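**Q** Pasting a structure below so you can have a look.
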Amino acid sequence: MIKINYKIQFALFIICVFFIGLGIFEILTEGLKTGTALFWQISAFVPFVTSAIIFGYNLYSR
Numbered sequence: 001m002i003k004i005n006y007k008i009q010f011a012l013f014i015i016c017v018f019f020i021g022l023g024i025f026e027i028l029t030e031g032l033k034t035g036t037a038l039f040w041q042i043s044a045f046v047p048f049v050t051s052a053i054i055f056g057y058n059l060y061s062r
């Protein structure tokens, strides 16, 4: 695992959570779509979810 300063990891974690919140807000305002549109709607913030999990685990495990 790459060792990054706690403050940098925390800042990246907060940024990821912010974009997850934006994605959820967009889904709530537009509603869930169907078919491939649903895939593109959800896949927009999947990288932020995985990043938040990784950064959260790194912060918690130290």
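For the sequence shown, the UniProt record's numbering begins at 1 and goes up steadily by one. A virtual CB, placed ideally from N, CA and C, is assigned to each residue, including glycine. Being a predicted model, the structure only gives us computed values, none of them experimental.
#1: For F55, I'd like the list of residues in its chain whose CB is within less than 6 Å of its CB, leaving aside the five on either flank, ordered along the chain.
#2: Can you tell me the Cα-Cα spacing of E30 and L38, whole angstroms?
#3: Quick check on this structure: which residue in S43, C16, I27, I24 has the alpha carbon closest to the alpha carbon of A52?
#4: Helix, strand or coil for K7, going by three-state DSSP, please let me know.
#5: Roughly how many angstroms lie between the CA atoms of F45 and I20, to the nearest whole one?
**A** Once the coordinates are examined:
#1: Shown here for F55: same chain residues with a beta carbon closer than 6 Å to its own, the five before and five after excluded, namely Q9, L12, F13 in chain order.
#2: Rounded to whole angstroms, E30 to L38 spans 11 Å at the Cα level.
#3: With distances taken between Cα atoms, A52 lies closest to C16.
#4: It is helical.
#5: Their Cα atoms are separated by approximately 6 Å.
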